[in-house]
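> As given, the protein sequences belong to chains A and B, one line each in that order. So for the first sequence, this note's numbering puts the first residue at 25; every next one is plus one. So for the second sequence, this note's numbering puts the first residue at 25; every next one is plus one. C-beta atoms are modelled at their ideal positions from N, C-alpha and C, and glycine is treated no differently. From a predicted model like this one, the values you see are computed outputs, not experimental measurements. Can you read through this structure? Questions will come right after.
There are 2 protein chains.
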Amino acid sequence: MSDSYHHGNLRQALIDAGMKIINESGEETLSLRKVAALCEVSHAAPYAHFKDKEELIEAIQSHVTDQFMKELEKAVNEAPTSEKALVDMGRSYVAFFMRRPDYFKFLFSGQNIVAHIQPGKDHPEDYPPFVLLKNTYLDYINENGIKRTKDEQEVDILKLWASAHGLASIACMSGVEVSFDWEKKISTEELLR
Amino acid sequence: MSDSYHHGNLRQALIDAGMKIINESGEETLSLRKVAALCEVSHAAPYAHFKDKEELIEAIQSHVTDQFMKELEKAVNEAPTSEKALVDMGRSYVAFFMRRPDYFKFLFSGQNIVAHIQPGKDHPEDYPPFVLLKNTYLDYINENGIKRTKDEQEVDILKLWASAHGLASIACMSGVEVSFDWEKKISTEELLR
DNA sequence: CACGCATCTTTACACTGTCAAGATAGCCGC
DNA sequence: GCGGCTATCTTGACAGTGTAAAGATGCGTG
């Protein structure tokens with residue numbers, strides 16, 4: 025622990041270093057050699073923990089997704105009703121990426137967009153934010169006695185997801201312009217239908 | 025023309041070569057030197073036409089956006105009513121990217137997402153697809169005598185855009201999974217409200 | 001015709017990801 | 001406690017990348 029590293033917890037240090045670089049100078053400046061240097065370790069050391077640059081990036085993406093999930097869960101848990109939970113989750117979804125457009129680009133850019141959909145890589149229905157949305161939605165329709173067929177449910181969820189994700193995407197794509205006060209304009213009910 | 029090039033229309037040739045590489049082996053394999061090689065030209069030749077790799081990419085993106093716009097316009101023009109035009113445009117929007125997920129990644133990935141929003145780079149409201157959407161929407165509410173305040177109009181448009189773009193994004197992100205038959209599930213009316 | 005300028009080539013450099021071969025050291029069975 | 005195994009890390013090398021500087025080339029305009 026004292027002179028830790030060297031034999032300590034590289035891997036996590038590499039992930040942290042990666043986050044630092046992204047935060048300070050943007051994703052496009054991230055390189056294997058820089059993270060290695062930041063950890064004061066040779067440029068090939070990362071290969072003991074990640075087979076690829078790709079794999080390092082996926083690990084960092086998972087880390088960002090964790091932060092993202094914390095905010096979504098917070099929004100859901102603090103909401104008084106399941107309806108408000110659904111709406112607030114949407115707000116948090118967009119708000120998170122409007123605060124950190126670079127994170128949006130980092131998570132949903134390039135070839136690795138699917139990859140960091142953590143455990144079941146080929147099963148996006150395991151993507152944590154999606155799972156949370158689904159559960160919150162089910163709570164909502166159950167608690168309010170709303171009857172929907174399976175198909176209708178899928179459509180509802182997809183629409184909720186798509187509008188939040190689309191808004192986030194547009195906001196992050198077009199820089200400042202779309203970041204007018206969307207919260208005031210898109211009301212609670214609007215988001216729900 | 026005969027032995028054209030060398031002094032002919034490089035620039036366009038570079039863009040075409042770039043498209044070819046992207047189509048054949050994906051965006052991530054695109055490099056300045058490869059496009060140059062494909063045009064049988066030295067690796068620094070592109071710098072006579074583009075100050076940057078970035079600038080080449082923007083030109084290629086514009087080219088893709090042109091194709092995209094052609095499809096959107098076709099959908100709008102062929103629709104019998106302005107209402108159907110609005111819906112079909114949404115369909116085309118998603119369909120285009122579901123057919124070419126690589127184009128989605130190429131257009132909306134990395135640092136250059138804003139850049140190719142062609143003429144007024146810092147004014148996304150000039151982004152051609154957005155303009156088309158806006159006009160189609162205005163036709164729709166005018167022809168049907170629908171009264172909406174300016175603010176409501178903005179929200180309507182943003183919602184339409186966000187759901188189409190979000191759907192496209194989700195479809196392209198998560199690979200195959202979301203590409204269940206959404207056309208059947210998301211009906212005309214659904215897309216409109 | 002000659003000049004200028006856009007275009008293109010050559011050369012060079014720093015940086016990148018990746019790999020192979022070797023060093024190092026902690027942990028295991030004995 | 002000791003020898004070896006294995007995970008970890010270093011060193012050195014290589015091909016590919018973007019980019020800049022300096023020179024060649026040739027077309028169009030004066």
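Could you pull out every residue in the same chain whose Cβ sits closer than 6 Å to the Cβ of residue 121 of chain B, ignoring the five residues on either side in sequence?
128, 192, 196
> Using three-state DSSP, classify residue 1 of chain A as helix, strand or coil.
Residue numbering for chain A in the displayed model covers 25 to 217; residue 1 of chain A lies beyond these limits and cannot be assessed.
> Looking at C-beta atoms only, is the number of pairs between the stretch 148 to 161 of chain A and the stretch 66 to 85 of chain A that lie closer than 8 Å three or more?
no
> Can you pull the chain A residues whose beta carbon is under 8 Å from the beta carbon of residue 191 of chain B, in chain order?
Near residue 191 of chain B (Cβ distances below 8 Å), the residues of chain A are 182, 186, 190.
> Within 10 angstroms of the Cβ of residue 169 of chain A, are there 16 or more other Cβ atoms? Answer buried if so, exposed if not.
exposed
> Can you tell me where the alpha helix (DSSP H) holding residue 176 of chain A begins and where it ends?
174 to 197
> Where does residue 1 of chain A land, buried or exposed, given buried means 16+ other C-beta within 10 angstroms?
An answer regarding residue 1 of chain A cannot be provided, because it is not within the stretch 25 to 217 covered by chain A.
> With H, G and I counted as helix, E and B as strand and the rest as coil, what does DSSP make of residue 169 of chain B?
coil
> Using Cβ-Cβ distances below 7 Å, what residues of the stretch 76 to 101 of chain A are close to chain B?
none
> Taking a contact to mean a Cβ-Cβ separation below 8 Å, would you say residue 41 of chain B touches residue 59 of chain B in this structure?
yes
> By the criterion of Cβ-Cβ separation under 7 Å, what are the contact partners of residue 194 of chain B in chain A?
185, 186, 189
> Using a Cβ cut-off of 8 Å (strictly closer), state whether residue 113 of chain B contacts chain A.
no
> Can you look up residue 116 of chain A in the DSSP assignment and give me helix, strand or coil?
In the three-state reduction of the DSSP assignment, residue 116 of chain A falls in the helix class.
> Strictly under 8 Å for the Cβ-Cβ distance: is residue 74 of chain B near chain A by that measure?
no
> Could one say the Cβ of residue 43 of chain A lies closer than 8 Å to chain B's Cβ atoms, at least one of them?
no
> How far does the alpha helix (DSSP H) with residue 130 of chain B in it reach, from first residue to last?
125 to 131
> What is the residue span of the alpha helix (DSSP H) that residue 48 of chain A lies within?
It spans 36 to 49 - the alpha helix (DSSP H) in which residue 48 of chain A sits, taken as one unbroken run.
> Give the range of the alpha helix (DSSP H) segment to which residue 59 of chain B is assigned.
Segment 56 to 62, the alpha helix (DSSP H) holding residue 59 of chain B.
> Where does residue 161 of chain B fall in DSSP's three states?
helix
> Given a cut-off of 8 Å on the beta-carbon distance, is the pair residue 96 of chain B and residue 156 of chain B in contact?
A distance below 8 Å separates the beta carbons of residue 96 of chain B and residue 156 of chain B.
> Examine chain B for any beta-carbon lying closer than 8 Å to the beta-carbon of residue 197 of chain A, and answer yes or no.
With respect to chain B, the C-beta atom of residue 197 of chain A has a partner C-beta closer than 8 Å.
> Going along chain B, which residues have a C-beta under 9 Å from residue 121 of chain A?
Neighbours of residue 121 of chain A in chain B, taken as residues whose beta carbon is under 9 Å from its own, are absent, since the nearest beta carbon is some 12 Å off.
> State the CB to CB distance for the pair residue 187 of chain A and residue 186 of chain B, rounded to an integer number of angstroms; the pair is presumed to be in contact (CB under 8 Å).
5 Å
> Going by Cα to Cα distance, which pick from B:172, B:184, B:171 is closest to residue 153 of chain B?
B:184
> Output needed for residue 172 of chain B: all residues of its chain with C-beta closer than 7 Å, excluding positions within five of it in sequence on either side, in chain order.
165, 180
> Using a Cβ-Cβ cutoff of less than 6 Å, which residues in the same chain neighbour residue 37 of chain B once the five nearest sequence positions on both sides are dropped?
63
> Looking only at C-alpha atoms, which of A:54, A:45, A:39, A:108 sits nearest to residue 74 of chain A?
Residue 74 of chain A has its Cα closest to that of A:39, out of A:54, A:45, A:39, A:108.
> Can you look up residue 74 of chain A in the DSSP assignment and give me helix, strand or coil?
Residue 74 of chain A: coil per DSSP, three-state reduction.
> In terms of alpha-carbon separation, which member of B:81, B:113, B:106, B:108 lies closest to residue 94 of chain B?
Looking at the Cα atoms, B:113 is the closest of the given residues.
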